[in-house]
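Student: Everything in the sequence shown is counted per the working numbering, starting at 2 for the first residue and increasing by one. Ideal placement from N, C-alpha and C gives every residue a C-beta, glycine not left out. Take this structure, written in structure tokens, and hold onto it; I'll ask about it next.
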Amino acid sequence: SFIFVDEETTTYKYQLSYVRWRKKRKKKVWLSLLIIALMVIATDQVSVFIKDTVQRLRPCHDMAIQSLVHTVHGCGGKFGFVSSHAANSFGVAMFFTMFFSHRWVGVMLMIWALIVSYSRIYLGVHYPGDVLGGALLGMIIGALFFLCESFLFKKLFRKNPKIPALLFTLCT
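Put into structure tokens, the structure is as follows:
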């Protein structure tokens, strides 16, 4: 048998589905932003812990080469291994590289992280090893937080079916 539904009822169902989808999408966006903020905080705190544990002097604080180093805006803290700038920028770059499926996005983000990291060497506040350590730390933490986010999304939003592309066309 055939079921006949009038146009108003069908439109209402599509609109209701769209509203539900939008609410879920907002929750996903806020959850993603929270996870990214926690990732940056974790990366920063781990890098500070490593700096305090290793206690490797920055080039601008090392008496042996201090006269050779030209800084622009001061030297910063006393210790430099690992670079927090490198860790944070590579953490964000790794997270979004794994998040987006477009290869060019990942390439652009990694280039951005490299520029940020190189600037720390150029400004005389880090050795190359400090930056490499920070980059490695950031990529590991970025990948771990992406995996955590993927796991959370599968658990929290698994029951909700995907809305067909036709629905977007009809509701927009």
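Is it buried or exposed, Val108, if we count other Cβ atoms within 10 angstroms and call 16 or more buried?
Tutor: Along the sequence shown, read from residue 1 onward, the residue named residue 108 stands at position 107. Under this definition Val108 is an exposed residue.
Student: Assuming contact is defined by CB atoms lying nearer than 8 angstroms, are Phe146 and Ile36 in contact in what I supplied?
Tutor: Residue 146 sits at position 145 when you count from the first residue of the sequence shown. Residue 36 sits at position 35 when you count from the first residue of the sequence shown. Yes. Within cutoff.
Student: Give the range of the alpha helix (DSSP H) segment to which Tyr128 is assigned.
Tutor: Working through the sequence shown from its first residue, we reach residue 128 at position 127. Counting along the chain, Tyr128 falls outside any alpha helix (DSSP H), and DSSP gives it neither H nor E.
Student: For Phe152, which of helix, strand or coil comes out of DSSP?
Tutor: Taking the first residue of the sequence shown as 1, we reach residue 152 at position 151. Looking at Phe152 - three-state DSSP - the assignment turns out to be helix.
Student: Beta-carbon within less than 6 angstroms of Ser85's beta-carbon, same chain only, minus the 5 sequence neighbours each way: which residues are those?
Tutor: Position 84 of the sequence shown, counted from the start, is the residue given in the question as residue 85. For Ser85, where only same-chain residues beyond five positions count, the Cβ hits under 6 angstroms are Asp45 and Ser48.
Student: Which word fits Ile101, buried or exposed, when buried means at least 16 other C-beta atoms lie within 10 angstroms of its C-beta?
Tutor: Taking the first residue of the sequence shown as 1, we reach residue 101 at position 100. One detail in the question is off: residue 101 reads as Phe in this sequence, not Ile. So Phe101 counts as exposed.
Student: How many angstroms separate the CA atom of Leu157 from the CA atom of Leu32?
Tutor: Position 156 of the sequence shown, counting from 1, holds the residue named residue 157. Position 31 of the sequence shown, counting from 1, holds the residue named residue 32. Cα to Cα, Leu157 sits roughly 11 angstroms from Leu32.
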